[in-house]
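Structure first, then comments.
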Amino acid sequence: MIVIMKKNANKSQIDNFSSWLKAMGFDIHLSIGTNHTILGIVGDTSSLDIEVIRALEIVEDVKRIQDPFKNASRKFHGEDTVITLPCGVKIGGGHFQVIAGPCSVESEKQIISVAKAVKAAGATLLRGGAFKPRTSPYSFQGLQELGIKLLMEAKKETGLPVVSEIMDASHIPMFEYIDIIQVGARNMQNFELLKQLGQLRKPILLKRGLANTLQELLMSAEYILAGGNREVILCERGIRTFETYTRNTLDLSAIPILHGLSHLPVIVDPSHSTGYARLVRPMALAATAAGADGLIIEVHNDPANALCDGPQSLTPEAFSELMKKVNAIRPFADR
Ligand code: PEP
Ligand code: MN
1285 MIVIMKKNAN KSQIDNFSSW LKAMGFDIHL SIGTNHTILG IVGDTSSLDI EVIRALEIVE
1345 DVKRIQDPFK NASRKFHGED TVITLPCGVK IGGGHFQVIA GPCSVESEKQ IISVAKAVKA
1405 AGATLLRGGA FKPRTSPYSF QGLQELGIKL LMEAKKETGL PVVSEIMDAS HIPMFEYIDI
1465 IQVGARNMQN FELLKQLGQL RKPILLKRGL ANTLQELLMS AEYILAGGNR EVILCERGIR
1525 TFETYTRNTL DLSAIPILHG LSHLPVIVDP SHSTGYARLV RPMALAATAA GADGLIIEVH
1585 NDPANALCDG PQSLTPEAFS ELMKKVNAIR PFADR
């Protein structure tokens, strides 16, 4: 970290500041120029709050050299992280996977028929929400524990590994046989939940919050990684902007930016980021071309009567068409 001192900062103030930093275990490199004194703070500055330093009266400006997300950073881990599920499915580092299924598990018949359809179309993982974070408390909240059981049935029936969203750390035992635990956009900064998930040795699919920066997404991943769980998949799912023709705005540039900053796999959710089924295929293709490590797509057997997110759900037929185009584009992906 580099600190530029104000012109009027005197020697004793700078000495006091240096002593305070040294007491915290940092080495200080002092450079005295004609106009400004510059202080280089050497050591692991990830625990230093840059804003605390910026707020000091003697400080003109501060710059971080090191990313505040140490474990997630590519600087500390040059190779792409490849996550391997117990069934052998790999994601990241050139392994591309498509996760598909309904927004929420509604019945045994529904989840099994969608699971079979998406598998036949080429999906390699099944998604299905059992606990649903709904804006209204009066909307369908998911089948909860029964939903998890039905996902297990679908997994047994099709062999597809399953992804499902967790909303509360107290539910962790219920997710024992879920292959990838999803943290939804609304919980991206539920730090207590993230800490608990850091204690698991199971992949976590971490979605970007509705109004969060990429640095905040990486800091949330850091909470999980810092606990020792090395298996985090980042997911761009659109952010809230002033645009009203879409549910959210898909930030496609997140893919190359995250790949540059981090070694973690990056997948894209074209369903929640657009909100409309007709927009899902073009955005899925764009994300594939931009180098995403995978996609997560909502597919429903009867979108018009879905209990959640019907307007953005593809029919199995539309999903099958999408898969053909995604597979055609894959060899040209910019990765
Ligand atoms: C979901 O995947 O169904 C979901 C609720 O997604 P998000 O957290 O991105 O809104
Ligand atoms: Mn949904």
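Each number in the numbering used here comes from the position in the sequence shown (counting from 1) with 1284 added on.
Ideal placement from N, C-alpha and C gives every residue a C-beta, glycine not left out.
Self-check item: Under the three-state DSSP convention, the category lysine 1491 falls into
Solution: strand
Quiz prompt | Straight-line Cα distance separating glycine 1575 from isoleucine 1241 | solution = What the structure shows of the chain is the stretch from 1285 to 1619, and residue 1241 is not part of that stretch, so it cannot be assessed.
Exercise. In angstroms with no decimal places, state the Cα-to-Cα distance between aspartate 1345 and methionine 1289.
Key: 7 angstroms
Quiz item: Considering only residues of the segment 1303-1362, which uninterrupted beta strand (DSSP E) runs meet the minimum length of 3 residues and lie entirely inside it, listed in chain order?
Solution: 1311-1316, 1321-1326, 1343-1347
Practice problem: Go ahead and pull the three-state DSSP assignment for lysine 1403. | Solution: helix
Quiz item: Helix or strand or just coil, what does DSSP make of lysine 1609?
Solution: helix
Quiz item: Per DSSP, what kind of secondary structure is alanine 1576 in: helix, strand or coil?
Solution: Alanine 1576: coil per DSSP, three-state reduction.
Quiz item: Taking the alpha carbon of alanine 1356 as the point to measure from, which residue in Phe1616, Thr1419, Pro1540, Gln1499 has its own alpha carbon closest?
Solution: Ranking the options by Cα distance to alanine 1356, first place goes to Gln1499.
Quiz prompt | Any heavy atom of the ligand MN nearer than 5 angstroms to the CB - residues listed | solution = Cys1387, Asp1593
Practice problem: Run the proximity test for histidine 1556: is its beta-carbon closer than 6 angstroms to any non-hydrogen atom belonging to the ligand PEP? | Solution: yes
Self-check item: Distance cut-off 6 angstroms: glycine 1575 Cβ against heavy atoms of the ligand PEP
Solution: Between the ligand PEP and glycine 1575, a heavy atom-to-CB distance of less than 6 angstroms is absent.
Self-check item: Limits of the unbroken beta strand (DSSP E) element including leucine 1591
Solution: No beta strand (DSSP E) contains leucine 1591, which DSSP labels as neither H nor E.
Self-check item: Beta bridge counterpart(s) of methionine 1289 as assigned by DSSP
Solution: The partner list for methionine 1289 (beta bridge, DSSP) reads Val1343.
Quiz item: Comparing the CB of glycine 1468 with every heavy atom of the ligand PEP, is any distance shorter than 6 angstroms?
Solution: yes
Exercise. Taking only heavy atoms of the ligand PEP into account, decide whether any of them is closer than 6 angstroms to the Cβ of arginine 1358.
Key: no
Exercise. Confirm, please, whether the CB-CB distance from alanine 1414 to serine 1448 is below 7 angstroms.
Key: yes
Quiz item: What residue from Glu1520, Leu1481, Tyr1529, Arg1531 has the CA that sits closest to alanine 1510's CA?
Solution: For alanine 1510, the nearest C-alpha among the options comes from Leu1481.
Quiz prompt | N-terminal and C-terminal residue of the beta strand (DSSP E) that glutamate 1520 is part of | solution = Unbroken beta strand (DSSP E) run through glutamate 1520: 1516-1520.
Practice problem: Would you mind reading off the limits of the beta strand (DSSP E) that contains glutamine 1381? | Solution: Note, glutamine 1381: beta strand (DSSP E), 1381-1385.
Practice problem: Kindly examine the ligand PEP and report whether one of its heavy atoms sits closer than 6 angstroms to the Cβ of glycine 1493. | Solution: no
Quiz item: Does the separation of the CB atoms of alanine 1438 and leucine 1410 fall below 7 angstroms?
Solution: yes
Self-check item: According to DSSP, residues forming a beta bridge with glutamate 1449
Solution: Glutamate 1449 pairs with Gln1466.
Quiz item: So does the segment 1424-1444 actually touch the segment 1467-1476, counting three or more Cβ pairs closer than 8 angstroms?
Solution: no
Quiz prompt | Exposure of methionine 1285, with buried meaning 16 or more beta-carbon neighbours within 10 Å | solution = buried
Quiz item: In angstroms, rounded to a whole number, what distance separates the CA positions of valine 1516 and isoleucine 1508?
Solution: 8 angstroms
Quiz item: Going by other Cβ atoms of all chains shown within 10 Å of its Cβ, with 16 needed for buried, is threonine 1621 buried or exposed?
Solution: This structure does not reach residue 1621, given that the chain is present from 1285 up to 1619, and the question cannot be answered.
Exercise. With isoleucine 1551 as the anchor, note down where its beta strand (DSSP E) starts and where it stops.
Key: 1550-1552
Exercise. Determine contact between the segment 1308-1318 and the segment 1357-1365, defined as no fewer than three beta-carbon pairs at a distance below 8 angstroms.
Key: no
Exercise. Could you spell out where the alpha helix (DSSP H) holding leucine 1509 opens and where it closes?
Key: 1498-1510
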